[in-house]
Amino acid sequence: MREQAPAVSRLLRDLAPLIGPQSNGLALQDQIVQEFERLGWQPMLVGYKDYPAAVPISIGKAVLNGFPTANPLPDNALVTIELVAASSTAYLAQSWTFAGAKADAKQLALLETGRQALKAGVACIRPGERVDAIGEAIAEVLDAHDLQPVIEYSGHGMGKDRMQSPLIFCYRNNYSKNERLQVGQILNVLVPAKPGARGIRFDTHNFQEAFTQDGKEAVVFSAMVEVTQEGHRLLSEWVN
Numbered sequence: 025m026r027e028q029a030p031a032v033s034r035l036l037r038d039l040a041p042l043i044g045p046q047s048n049g050l051a052l053q054d055q056i057v058q059e060f061e062r063l064g065w066q067p068m069l070v071g072y073k074d075y076p077a078a079v080p081i082s083i084g085k086a087v088l089n090g091f092p093t094a095n096p097l098p099d100n101a102l103v104t105i106e107l108v109a110a111s112s113t114a115y116l117a118q119s120w121t122f123a124g125a126k127a128d129a130k131q132l133a134l135l136e137t138g139r140q141a142l143k144a145g146v147a148c149i150r151p152g153e154r155v156d157a158i159g160e161a162i163a164e165v166l167d168a169h170d171l172q173p174v175i176e177y178s179g180h181g182m183g184k185d186r187m188q189s190p191l192i193f194c195y196r197n198n199y200s201k202n203e204r205l206q207v208g209q210i211l212n213v214l215v216p217a218k219p220g221a222r223g224i225r226f227d228t229h230n231f232q233e234a235f236t237q238d239g240k241e242a243v244v245f246s247a248m249v250e251v252t253q254e255g256h257r258l259l260s261e262w263v264n
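Residue numbering for the sequence shown follows our numbering, starting at 25 and increasing by one per position.
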């Protein structure tokens, strides 16, 4: 896991120049699946709770779990790509939101705030720290920029299982159990955020694709982090 996590980030980084009408969701998915095969990885989302695709691609007001299609990707929207795979030894995951070439200043500011919120959450990771301190650090950045967390989604631990304790909120937990971080834990810190009001809805045809209720665009950023004796080690790379 420690050696393979950066490869996920590099796969995402390679997709950045393709965000626009010159490509589409199915083409991006094909490229990623081919890279998974080359690396000996298995896509982990296809078939999970009946999800039909290997690589979720969510556009604009879509938050997560978007179905990749053959429609050209817009160059004036935000596009979120989720990579979740398993090697022979570990689970790997990272999500990242990209902007098309014609994204405006508000969209770029939303991206930057989401990235800064993720950095803030990661920065407070150290042994003995409260798990909920991560969400509090994320919330401080989002609050300062009048953004809302998408509270329906959270980060989590990774290890023997793809998703395991601890649960890592992207907001202030008013019912904290005072759980503490421990050396050796692998965390998948997740920041889903949006302007406007809280609330998402699910597509009524498939009940899987998640959209913002108010139609505002959302961003999602995540990173894998190891809790170390000295503090933490960022396993994922910063994509952009």
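All residues carry an ideal CB built from backbone N, CA and C; glycine is no exception.
Check: Is the distance from the Cβ of P173 to the Cβ of C148 below 9 Å?; Outcome: no
Check: So, are the CB atoms of V165 and A133 less than 9 Å apart?; Outcome: no
Check: On the CB-based measure, 16 or more other CB atoms within 10 Å of its CB, does G208 come out buried or exposed?; Outcome: exposed
Check: To the nearest whole angstrom, what separates the beta carbons of A86 and A234, a pair I think is in contact under 8 Å?; Outcome: 7 Å
Check: Report the start-end ranges of each beta strand (DSSP E) in the segment 154-200 that is 3 residues or longer and not cut off at the edges.; Outcome: 179-182 and 188-192
Check: When you compare only the Cα positions, how much space is there between N264 and K73?; Outcome: 31 Å
Check: List the residues that DSSP assigns as beta-bridge partners of M248.; Outcome: N212
Check: Leaving out five residues before and five after E176 in sequence, what residues of the same chain have Cβ atoms less than 6 Å from its Cβ?; Outcome: I224
Check: Suppose contacts are defined by Cβ-Cβ distances below 9 Å. Is T104 in contact with F122 by that definition?; Outcome: yes
Check: Assess contact between the segment 108-117 and the segment 181-197, defined as three or more Cβ pairs (one per stretch) separated by less than 8 Å. Is contact present?; Outcome: yes
Check: When you compare only the Cα positions, how much space is there between R196 and G44?; Outcome: 36 Å
Check: Please confirm whether W120 and L63 have their CB atoms less than 9 Å apart.; Outcome: no
Check: Can the beta-carbon of D99 be found closer than 9 Å to that of K130?; Outcome: no
Check: Following the continuous alpha helix (DSSP H) through F60, name the residue where it begins and the one where it ends.; Outcome: G49 to L63
Check: At a Cβ threshold of 9 Å, is M248 touching chain B?; Outcome: Chain labels in this structure do not include chain B; a single protein chain is all it has.
Check: Taking H271 as the reference, give the member of W262, G239, F226 and I210 with the closest Cα.; Outcome: With the chain covering 25 to 264 only, the question about residue 271 has no answer from this structure.
Check: With respect to the beta strand (DSSP E) encompassing T104, which residues constitute its N-terminal and C-terminal limits?; Outcome: L102 to A110
Check: Is I192 near L214, with beta carbons less than 9 Å apart?; Outcome: yes
Check: Would you mind working out which of M68, G84 and L42 sits nearest P219, comparing C-alpha positions?; Outcome: G84
Check: Does E241 pass the burial test, meaning 16 or more other C-beta atoms within 10 Å, or should it be called exposed?; Outcome: buried
Check: Between the Cα of P216 and those of E136, F60 and G152, spot the shortest distance and give me the residue it belongs to.; Outcome: E136
Check: Apart from the five residues just before and just after D238, which ones in its own chain have a Cβ nearer than 8 Å to its Cβ?; Outcome: G220, A221 and G223
Check: Run the CB neighbour count on A114, radius 10 Å, all protein chains shown included, and call it buried at 16 or more, exposed below.; Outcome: buried
Check: Would you report the Cα separation of I162 and G49, rounded to the nearest angstrom?; Outcome: 29 Å
Check: With a threshold of 6 Å on Cβ separation, who are the neighbours of P190 within its own chain once the five nearest residues in sequence on each side are excluded?; Outcome: V155, G181 and E203
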